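Written below as C-alpha cells is the structure these notes are about.
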Amino acid sequence: QVQLVESGGGLVQPGGSLRLSCAASRSIYNINVMGWYRRQAPGKERELVATISRGGDTNFADSVKGRFAISGDIAKNTVYLQMNSLKPEDTAVYYCNLATSWVNYWGRGTQVTVSS
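To convert, count from 1 in the sequence shown and add 2; that's my numbering.
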C-alpha cells in the first residue's frame with residue numbers, strides 16, 4: 003500500500019516561511035497532478051492550496067497567490083510547497099495529494115501553525 007509522507011510543518015511567526023515536502027513510500031506511475039490541500043479547522047472542508055500538473059502548469063488558491071510556490075518531481079513522486087509571508091489564517095493541517103487517472107493518494111497531513 004502506497005503511503006505519502008509529509009514533513010516540514012511546525013510553528014512559525016507571522017511573516018515567516020516554511021517548506022513542506024511530500025514523498026511516496028514506493029513508486030507511483032502515471033501521475034497527472036500533484037498538489038497540496040489544507041483543512042483550517044475540524045469540520046471545515048479541505049480546500050485546494052496549489053497544484054502542479056505533469057506538464058508543469060500550476061494553480062493556486064487566490065489566498066496564497068504570490069506567497070506560495072509549488073514544485074515537484076513526478077518521476078521521483080515528490081512534491082514541495084514553499085510558503086512565504088505566512089499569515090495566521092494559513093494555520094491548518096496541510097495534505098499532499100498525488101493523482102493518477104484512477105487513484106487519488108493522500109498523505110496524513112502536517113500541522114502548520116502561524117502565531118506570534
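Where a beta carbon is used, it is the ideal one built from N, C-alpha and C, also for glycine.
All of these numbers come straight from a predicted model, not from anything done at the bench.
Beta bridge counterpart(s) of residue i as assigned by DSSP
i: Val-81; result: Cys-24 and Gly-74
i: Trp-108; result: Asn-99
Cα-Cα separation, residue i to residue j
i: Gly-58; j: Thr-112; result: 24 Å
i: Leu-20; j: Gly-68; result: 15 Å
i: Gln-3; j: Lys-89; result: 36 Å
i: Gly-18; j: Gly-10; result: 13 Å
i: Ser-23; j: Ile-72; result: 10 Å
i: Gln-5; j: Gln-15; result: 30 Å
i: Asp-75; j: Tyr-96; result: 19 Å
i: Gly-109; j: Gly-45; result: 18 Å
i: Thr-80; j: Leu-13; result: 23 Å
i: Ser-117; j: Ala-94; result: 12 Å
i: Arg-56; j: Glu-49; result: 21 Å
i: Phe-70; j: Gln-42; result: 16 Å
i: Leu-100; j: Ala-63; result: 18 Å
Closer than 8 Å: residue i CB and nearest the ligand HEM heavy atom
i: Tyr-39; result: Among the components of this structure there are no ligands whatsoever, and the ligand HEM is therefore not found.
Which of helix, strand or coil DSSP assigns to residue i
i: Val-19; result: The sequence as given places Ser at residue 19; Val does not occur at that position. DSSP places Ser-19 in coil when its eight states are reduced to three.
i: Ser-65; result: helix
i: Glu-47; result: coil
Per-residue burial, residue i [other beta carbons within 10 Å of its own, 16 or more giving buried]
i: Asn-34; result: exposed
i: Ala-26; result: buried
i: Asp-92; result: buried
Any C-beta of chain C under 9 Å from that of residue i
i: Gln-113; result: In summary, chain C is missing from the structure at hand, where a single protein chain is found.
Top-ranked residue by Cα proximity to residue i, from the options
i: Val-66; options: Ala-52, Ala-77 and Val-114; result: Ala-52
i: Gln-84; options: Ala-77, Gly-37, Val-7 and Ser-29; result: Gly-37
i: Val-114; options: Asn-86, Ser-103, Leu-100 and Tyr-107; result: Asn-86
i: Gly-40; options: Ala-77, Glu-8 and Trp-104; result: Position check: residue 40 holds Arg in this sequence, whereas Gly was assumed. Selected option, being the one with the closest Cα: Glu-8.
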